[in-house]
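Take a look at the structure set out below.
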Amino acid sequence: MSLNESGKRDGFTSKFGIIAAAAGSAIGLGNIWRFPYVVGESGGGAFLLIYLSFVILLGIPVMLSEFVIGRKAKRNTFGAFKEIAPGTWWPVIGVMGIIAAFVILAFYSTIAGWTLHYVYTSIINGFQGQNTAELTLMFEKFQTSSFLPVFWQLIFIILTAVIILSGVKKGIEKYSKILMPFLLLLLIALSVRSITLPGSFDGLVFLFKPDFSKIDSTVILGALGQAFFSLSIGMGALITYSSYFPSRTNLANTAFEVSIADVIIAILAGIAIFPAMFSLGMQPEQGGAGLIFMVLPNVFMQIPGGYIVSIAFFILLAIAALTSSISIMEVVVAFLVEEFNILRRNATIITAVAAAFVGLFCTLSWGTFENITIGGRNIFDTLDFTASNVLLPLGGLLIVIFVGWYMKYAEVEDEMSNQGALRLKIFGIFRFLVRFIAPVAIAIIFLNAIGII
Ligand code: PFF
């Protein structure tokens, strides 16, 4: 448990602080880096449609379930299940979540490190005068080198740890509140530029016109993984965060607002990327994990004041990544502190060092360790796939079963309605979704992906 100066359990204070912190966790590289390249590889519009239905039918119920568990138990993600279901095997969900958090932290910091490097490159005006091919080459040279990406990754992990050490309220709330509206404005500006470039219309068609011939079981599992990753659900990040929520927070509204904000940012990122890509003559499936780093500098170079815009964009993206990575690291730190009585400072250092070690292998996946592959995926992609497409959905499946079938009807209703203070019109729908729709849908997607159905 993290204690503040007065010896009480730390918590979030204002309503806006809660939404900002939960949205800060959800909105990050998942929306701006991961969403566009997964959409690109998965055929565009049809993927978007499936993704959106997953957010509504599966994502929001899982998020709300995490809120119910976390605020009721007021414990870390492992301790929460021990508290609500003592003497059962349910805390296994917590263990899975902690493993997922750790793996995600390792590869997330790779991309966050790239973002920091691009802040630096923007500042030294490194994109100036380079054509599309040169910008792509510049990125690939950076991505495959063995020093710089590791250096920036370490800086990012240290930044995350420093914020974690400053405590929940002072740290997280303060940083997430102010800056995200600016990121939204910049994304809108980039989207406007992107759709006004010559030949950009096909990019919009790609993003919004469903072509169902591109859909197969892998793509569907990918949409599920993307939804879970982007919403920060399935591993207890939001169980941990909601354990700091006060009793008056309206959990259902918070889940809606956070999910809507998350989807809007992802779609805006798509509008900023695909039209520009088509205008530059690039193929949507080209780019992979490096997509935004190759495409966006081209857009910045075609914007008045592009120098400043590019600096601002990458700084804000790095901050969005930070507000997410602190929610990931907090899962592991809160677990170590509350379950093993380790000092918060030591728990943070242990987590950061271990994540940096595993993270090193992720970062060197395109260079030094490029030959290490599993089923055609390099180390980075393997960890990303395992965490996003397997661990998170599996965690989400168990979480909805826990709330839908293990917890008592009255327990869930009491927590969601703030002990009867709120009138819950959607409780029936929520109940139906967590008991039937979400578990069945997630199970079918899994069985389908491994070829059983
Ligand atoms: N949702 C974050 C993003 O979109 O960047 C990443 C993330 C945070 C994933 C927390 C999972 C998590 F528990």
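Quick note on numbering: the sequence shown equals residues 1372 to 1824 in this note's numbering. Where is the CB? At the ideal position from N, CA and C, for every residue including glycine.
Arginine 1748 is bridged by DSSP to Ile1745.
Taken in chain order, the complete alpha helix (DSSP H) segments of 4 residues or longer contained in the segment 1705 to 1771 are 1715 to 1734, 1750 to 1755. In the displayed model, serine 1517 falls within coil according to three-state DSSP, outside both helix and strand.
The DSSP-derived three-state label of threonine 1507 is helix. For tyrosine 1408, the enclosing alpha helix (DSSP H) begins and ends at 1406 to 1412. Spanning the alpha carbons of phenylalanine 1553 and leucine 1687 requires a straight line of approximately 8 Å.
Exposure of asparagine 1496 is indicated by the presence of fewer than 16 other C-beta atoms within 10 angstroms of its C-beta. If you compare the alpha carbons of Asn1669, Leu1818, Ile1679, Ile1610 with that of glutamate 1454, the shortest gap goes to Ile1610.
When the beta-carbon positions are compared, serine 1565 and alanine 1643 come within less than 7 Å of each other. Around the beta carbon of glycine 1746, a 10 Å sphere encloses fewer than 16 other beta carbons of the protein chains shown; the residue is thus reported as exposed. Look at the beta carbons and you see the segment 1439 to 1452 touching the segment 1604 to 1624: at least three pairs across the two are nearer than 8 Å. Non-local beta-carbon contacts of alanine 1718 in its own chain, meaning distances under 7 Å to residues more than five positions away in sequence, involve Val1704, Leu1707, Val1708 in chain order. Here valine 1811 has no same chain residue with a Cβ atom under 7 Å from its own Cβ, once five neighbours each way along the sequence are excluded. Taking a C-beta distance under 7 Å as the contact criterion, leucine 1400 and methionine 1606 do not qualify as a contact pair. When Cβ pairs closer than 8 Å are counted between the two stretches, the segment 1801 to 1811 is seen to touch the segment 1763 to 1783, the count reaching three or more. Shown here, glutamate 1656 sits in coil according to DSSP, grouped into three states, outside any helix or strand.
Put simply, the backbone Cα of tyrosine 1780 is about 15 Å away from that of lysine 1796. Around the beta carbon of serine 1517, fewer than 16 other beta carbons sit within 10 angstroms, so the residue counts as exposed.
A direct Cα-to-Cα measurement between leucine 1793 and leucine 1435 gives close to 15 Å. Counting only the Cα atoms, glycine 1570 lies some 14 Å from valine 1670.
Taking C-beta separations shorter than 6 Å and ignoring five residues to either side along the sequence, the partners of valine 1629 in its chain run Ala1393, Ala1394, Ala1397, following chain order.
Segment contact: the segment 1677 to 1687 against the segment 1424 to 1434, fewer than three CB-CB distances shorter than 8 Å; contact not assigned.
By the neighbour-count definition (other C-beta atoms within 10 Å, threshold 16), proline 1617 is an exposed residue. In the DSSP annotation of this structure, the continuous segment of the alpha helix (DSSP H) that includes lysine 1386 starts and ends at 1386 to 1397. Nearest Cα to methionine 1700 within the set Leu1487, Phe1527, His1488, Ile1494: Phe1527.
Taken from the Cβ of serine 1436, every heavy atom of the ligand PFF lies 6 Å or farther away. If you draw a straight line from the Cα of threonine 1620 to the Cα of glutamine 1514, it is about 43 Å long. Within the chosen limit of 6 Å, the ligand PFF does not reach the beta carbon of phenylalanine 1706 with any heavy atom.
Counting only residues of its own chain and dropping the five nearest sequence neighbours on each side, isoleucine 1390 has a CB closer than 7 Å to the CB of Thr1625, Glu1628, Val1629. Distances between the C-beta of alanine 1483 and the heavy atoms of the ligand PFF are all 6 Å or more. Cβ-Cβ distances below 8 Å link leucine 1693 to Ala1483, Phe1527, Leu1530, Thr1531, Ile1534, Tyr1546 in the same chain, with the five nearest sequence neighbours on each side left out; the list follows chain order. By the criterion of at least three beta-carbon pairs nearer than 8 Å, the segment 1655 to 1672 is not in contact with the segment 1584 to 1594. Here the C-alpha atom of valine 1433 lies approximately 10 Å from the C-alpha atom of serine 1603.
The closest CA to that of alanine 1472, considering only Lys1580, Phe1599, Phe1579, Gln1499, is found on Phe1599. As for any alpha helix (DSSP H) of minimum length 4 sitting wholly inside the segment 1606 to 1690, the runs are 1608 to 1613, 1622 to 1650, 1662 to 1671, ordered along the chain.
A Cβ-Cβ distance of about 19 Å is found for the pair tyrosine 1408 and serine 1696, leaving them out of contact under the 8 Å criterion.
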